[in-house]
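**Q**
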Amino acid sequence: MSARLRALLPLFFAFCLVMAGCAQPTAVPTPAPTPVPTTAPTEKPAEAALLCADAKPDAISAYREGVALAGSGDQTAAEERFRAAIAADETFCDAYDNLSGLLRAQDRLDEAVALLESSLAVKPDNPAALANLGRLYTMLGNPDKAIDPYLKLSELQPERADGPYGVGAAYYIMGEYQLAAISLVRAEQIMAAQNSSHLAEVRYLLGMSLLGSNQPDSALPYLAQAYRQMPDDPGLNYGLGMCYLYGNKKDVKLAGDFIRRAQELGMQVPEETLADLRAAETP
245 MSARLRALLP
255 LFFAFCLVMA
265 GCAQPTAVPT
275 PAPTPVPTTA
285 PTEKPAEAAL
295 LCADAKPDAI
305 SAYREGVALA
315 GSGDQTAAEE
325 RFRAAIAADE
335 TFCDAYDNLS
345 GLLRAQDRLD
355 EAVALLESSL
365 AVKPDNPAAL
375 ANLGRLYTML
385 GNPDKAIDPY
395 LKLSELQPER
405 ADGPYGVGAA
415 YYIMGEYQLA
425 AISLVRAEQI
435 MAAQNSSHLA
445 EVRYLLGMSL
455 LGSNQPDSAL
465 PYLAQAYRQM
475 PDDPGLNYGL
485 GMCYLYGNKK
495 DVKLAGDFIR
505 RAQELGMQVP
515 EETLADLRAA
525 ETP
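So the mapping is simple: this note's numbering equals the position in the sequence shown, first residue as 1, plus 244.
Here it is, written out as structure tokens:
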């Protein structure tokens with residue numbers, strides 16, 4: 245039955261972080277877990293704590309003007325000043341980072357990636373740039389490229405959950421569920437210790453990764469904990485139904501309740517799952 249379980253697990257070819265500002269992904273054939281968990285929204289270097297504080301004075305002046313203009317909502321003028329800062333000092337990583345964030349807000353994602361790569365060429369140990377580059381690669385549908393910056397982020401700041409979470413999410417998109425679970429276990433531990441408000445979401449994705457690894461019994465407690473905060477999520481109901489239908493803790497009634505609830509919430513449950521459920525319910 246393990247091969248059937250893996251075959252029936254929803255496969256997700258598009259995945260991004262809601263807190264990174266992108267739309268809910270399309271799932272194939274069923275919706276993906278809500279991809280929320282990050283430890284913080286998109287990072288921007290604080291003006292009072294410049295990473296490249298030794299930049300030329302003209303560059304810093306233009307940068308500060310850009311920060312003020314961005315704060316007032318004048319994106320066009322802010323972009324011009326950030327570019328002026330870079331022109332004045334091509335090693336000014338903060339200007340690259342802030343301009344990247346500005347362009348990302350305008351959905352100019354490829355340009356934003358190029359700027360972060362330039363920033364990291366100047367300062368490879370820039371955690372904000374690493375985190376945002378990982379998010380951008382994920383948003384662009386390149387999870388394989390997202391793994392490296394997230395791993396480097398974890399090396400720099402092992403206390404952060406978004407490093408292992410980003411790695412786990414990337415592997416999950418790629419269908420490498422066992423590798424995803426390894427990283428997501430670490431992310432869950434960090435978030436639990438920090439009492440993160442996104443703990444339910446990381447448990448959701450961890451549970452789905454374990455389910456994809458043909459470990460429904462291991463997936464069940466994580467999905468059950470997530471369910472307390474997300475009872476109306478169709479994918480979560482479906483995942484719980486799969487655990488009760490295929491796991492050693494088989495409970496046909498609960499499996500039917502969760503799977504039918506997923507349908508009520510709008511999920512198109514695969515016919516193979518419904519057939520297995522009907523067979524299990526038949527005396």
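Quick reminder that beta carbons are idealized off the backbone N, C-alpha and C, glycines included.
Excluding sequence positions up to five away, which residues of its chain have a Cβ less than 7 Å from the Cβ of A436?
**A** In the sequence shown, counting from the first residue as 1, residue 436 sits at position 192. Hits under 7 Å: L443.
**Q** Determine, using beta carbons only, whether L380 and R430 come nearer to each other than 8 Å.
**A** Your numbering for residue 380 matches position 136 in the sequence shown. Your numbering for residue 430 matches position 186 in the sequence shown. Inclusion of L380 and R430 in the CB contact set at 8 Å is not warranted, their separation being larger than that value.
**Q** Using the three-state DSSP reduction, which class does Q319 fall into: helix, strand or coil?
**A** Position 75 of the sequence shown, counting from 1, holds the residue named residue 319. Helix, per DSSP.
**Q** Which ranges does the alpha helix (DSSP H) cover as unbroken runs of at least 4 residues, wholly within the segment 415–467, from first to last along the chain?
**A** 421–437, 443–456
**Q** Tell me the DSSP secondary structure of D520 in three-state form.
**A** Here the question's residue 520 lines up with position 276 in the sequence shown. Note: D520 maps to helix in three-state DSSP.
**Q** Whose C-beta lies closer than 7 Å to the C-beta of P393 among residues of the same chain, with five residues either side of it excluded?
**A** Against the sequence shown, residue 393 aligns to sequence position 149. For P393, where only same-chain residues beyond five positions count, the Cβ hits under 7 Å are L374, L377, G378.
**Q** Alpha carbon to alpha carbon, how far is L294 from D338?
**A** In the sequence shown, counting from the first residue as 1, residue 294 sits at position 50. In the sequence shown, counting from the first residue as 1, residue 338 sits at position 94. Taking the straight line joining both Cα atoms gives about 7 Å.
**Q** Taking all protein chains shown into account, do 16 or more other C-beta atoms lie within 10 angstroms of the C-beta of R522, making it buried, or fewer, making it exposed?
**A** Start at 1 with the first residue of the sequence shown, and residue 522 comes out as number 278. Exposed: under 16 other Cβ atoms inside 10 Å.
**Q** Report the option in K494, D476, K493 whose CA atom is closest to the CA atom of E508.
**A** Here residue 508 refers to the residue found at position 264 when the sequence shown is read from its first residue. Closest by alpha carbon: D476.
**Q** Consult DSSP for G345 and reduce its assignment to one of helix, strand or coil.
**A** Start at 1 with the first residue of the sequence shown, and residue 345 comes out as number 101. Looking at G345 - three-state DSSP - the assignment turns out to be helix.
**Q** Count the other CB atoms, across all protein chains shown, that sit within 10 Å of the CB of S440; report buried if there are 16 or more and exposed otherwise.
**A** The count along the sequence shown starts at 1 and reaches residue 440 at position 196. By the neighbour-count rule (16 or more Cβ atoms within 10 Å), S440 is buried.
**Q** Once the 5 residues before and after A329 are set aside, which same chain residues still bring their CB inside 6 Å of it?
**A** The residue given as residue 329 occupies position 85 in the sequence shown. Around A329: A303, A306, Y307, F336, A339.
**Q** On the DSSP letters alone, give me the boundaries of the alpha helix (DSSP H) that F502 sits inside.
**A** Here the question's residue 502 lines up with position 258 in the sequence shown. Run containing F502: 496–508, per the alpha helix (DSSP H) assignment.
**Q** For T526, which of helix, strand or coil comes out of DSSP?
**A** By one-based count along the sequence shown, residue 526 stands at place 282. Note: T526 maps to coil in three-state DSSP.
**Q** Alpha carbon to alpha carbon, what distance is there between M474 and L464?
**A** Taking the sequence shown and counting its residues from 1, one reaches residue 464 at position 220. Taking the sequence shown and counting its residues from 1, one reaches residue 474 at position 230. Near 15 Å, if we compare the C-alpha coordinates of M474 and L464.
**Q** Could you have a look at A297 and say whether DSSP puts it in helix, strand or coil?
**A** Here residue 297 corresponds to residue number 53 of the sequence shown, with the count starting at 1. Residue state, collapsed to three classes: coil.
**Q** On a Cα-Cα basis, can you pick out the residue from E445, A405, Q438, M418 that is closest to S427?
**A** Mapped onto the sequence shown, residue 427 falls at position 183. Here the closest residue by C-alpha is A405.
**Q** Which whole-angstrom value is the C-beta distance of G483 and L467, which I expect to be below 8 Å?
**A** The residue given as residue 483 occupies position 239 in the sequence shown. The residue given as residue 467 occupies position 223 in the sequence shown. About 5 Å separates the two Cβ atoms, so the contact holds.
**Q** Run through DSSP, which three-state label would A405 get?
**A** Stepping through the sequence shown from its first residue, residue 405 is reached at position 161. Coil at A405, not helix or strand.
**Q** Taking only the alpha-carbon atoms, compute the straight-line gap between C266 and T526 and give it to the nearest angstrom.
**A** Position 22 of the sequence shown holds residue 266. Position 282 of the sequence shown holds residue 526. Only weak support is given to the placement of C266: the predicted model assigns it a pLDDT of 28, under 50, and the value that follows is read from those uncertain coordinates. If I take the Cα positions, the gap works out to 44 Å.
**Q** Would you say Y488 and A506 are within 8 Å of each other, going by their C-beta atoms?
**A** For the purposes of this step, residue 488 is taken as residue 244 along the sequence shown, with counting starting at 1. For the purposes of this step, residue 506 is taken as residue 262 along the sequence shown, with counting starting at 1. Cβ atoms of Y488 and A506: not closer than 8 Å.
**Q** Suppose the cutoff is 6 Å on Cβ atoms and the five residues either side in sequence are ignored; what does the same chain contact list for A524 look like?
**A** Residue 524 sits at position 280 when you count from the first residue of the sequence shown. So the qualifying residues of the chain are V496.
**Q** Between the Cα of Y409 and the Cα atoms of M383, R447, L384, which residue gives the shortest distance?
**A** Taking the first residue of the sequence shown as 1, we reach residue 409 at position 165. Looking at the Cα atoms, R447 is the closest of the given residues.
**Q** The alpha helix (DSSP H) spanning V513 covers which residue range?
**A** Start at 1 with the first residue of the sequence shown, and residue 513 comes out as number 269. Unbroken run through V513: none, as it is neither H nor E.
**Q** In this structure, how does DSSP classify P478 when only helix, strand and coil are distinguished?
**A** Taking the first residue of the sequence shown as 1, we reach residue 478 at position 234. Of the three classes helix, strand and coil, the one that applies to P478 here is helix, per DSSP.
**Q** Please tell me whether L346 and Q319 are closer than 8 Å, where the distance is taken between their beta carbons.
**A** Walking along the sequence shown from the start, residue 346 turns up at place 102. Walking along the sequence shown from the start, residue 319 turns up at place 75. Yes, Cβ-Cβ distance for L346 and Q319 is below 8 Å.
**Q** In angstroms with no decimal places, state the Cα-to-Cα distance between E515 and L455.
**A** What you label residue 515 is simply residue 271 of the sequence shown in a count that begins at 1. What you label residue 455 is simply residue 211 of the sequence shown in a count that begins at 1. Roughly 19 Å between the two C-alpha positions.
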